[in-house]
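Only one structure is covered here, and it is reproduced in the block below.
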Amino acid sequence: KGSWLTYDGVNTLYAHKAKYSELWTFALDSSKWSSAALPGIPYPSTRTGKNKKPKDGSDGVYYNGFLYALKGGNTCEFWKYDISGGTGWTELDLIPEVGTTGKKKRVKNGGSLASNGDGAFFALKGGKTMEFWRYFEEPTVFASAPERSGVMGQTVTPVRFGFSVAPNPVVKGYGMLSYSVPQAGEAKVKVFDVTGRTVAEFGFVAQGTGTKSLDLRNLSAGIYLVKFEAAGRSASQKLIVQ
1 KGSWLTYDGV NTLYAHKAKY SELWTFALDS SKWSSAALPG IPYPSTRTGK
51 NKKPKDGSDG VYYNGFLYAL KGGNTCEFWK YDISGGTGWT ELDLIPEVGT
101 TGKKKRVKNG GSLASNGDGA FFALKGGKTM EFWRYFEEPT VFASAPERSG
151 VMGQTVTPVR FGFSVAPNPV VKGYGMLSYS VPQAGEAKVK VFDVTGRTVA
201 EFGFVAQGTG TKSLDLRNLS AGIYLVKFEA AGRSASQKLI VQ
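Written as structure tokens, this is what we have:
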């Protein structure tokens, strides 16, 4: 109970084993599982001071280069994972224990999480409750940030500039750039190797929120920096090529 599966929309499935707290990846193009597990949801919580395993009610979704997950197991913990490996797991705002019933309820069997693909997440607590919660998260690789990060049940105005590349790591030479720009115009994507040399460059017209396929087949395995420039602004992201 509590294991879950989610898809990055490009090539990778992420499977999280409850109880053991292991995260495995499956590449659709090669039909192969990863040879080793990534770290799963951490047991200790800095917000509650308790050690809990992910159990029944745990669920996760992919959004904008991160996995977002409920721990379940009679907790209110909410986490996100950087799939690029940069920051690992980060604990987010707890789901409030007290809902419209006035009683304390935590996430148990039947807990569920969904995303609208634009920074909003919707959660059911399960456990024979009818509580339905909404969470807003600021974009994750954006050049500037609002005064507060996501808060369960309250709205955060999203920053209208940013990007992400998925899957990360890139395993078959193709990546998908997801971007958001405040106004239409020319956009550039530059890829730098560890020496700072430009190894790939793409130009296109960006408008609002969209995606663009990136052909990275000429890149050798290694670590790169991707820089996105548009509307007089720029942002960067680490990219791993396998």
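Under UniProt numbering, the residue at position 141 of the sequence shown is numbered 141, and the numbers go up by one with no gaps. No residue lacks a Cβ here, since even glycine has one placed at the ideal position from N, Cα and C. Everything numeric in this text was worked out from a predicted model, so none of it was measured.
Inset, instruction - With a floor of 3 residues, list each beta strand (DSSP E) that falls wholly inside the region 209-239, ordered by position along the chain. - result: 209-215 and 222-230
Inset, instruction - Examine the Cβ distances between the region 31-48 and the region 181-194 and report whether three or more of them are shorter than 8 Å. - result: no
Legend entry - Environment of E186 [buried if 16+ CB atoms lie within 10 Å]: exposed
Inset, instruction - Look at the alpha carbon of V61 and the alpha carbon of K188, and state the distance between them as a whole number of angstroms. - result: 29 Å
Legend entry - Reduced DSSP secondary structure (H/G/I, E/B, other) of G73: coil
Legend entry - beta strand (DSSP E) segments (min. 3 residues) lying fully within the region 169-209: 174-180, 185-192 and 198-206
Inset, instruction - Counting only the same chain and skipping the five closest in sequence on each side, list residues whose C-beta sits under 6 Å from that of K172. - result: D29
Legend entry - Spatially closest choice to T46 from K55, W79 and W24, by CA coordinates: W79
Inset, instruction - Measure the C-alpha to C-alpha separation of D82 and T90 and round it to an integer number of angstroms. - result: 8 Å
Legend entry - Proximal residues to D56 (C-beta, below 7 Å), its chain only, five neighbours per side dropped: K1, G2, G72, G73, K108 and N109
Inset, instruction - Specify the secondary structure class of L5 as computed by DSSP and reduced to three states. - result: strand
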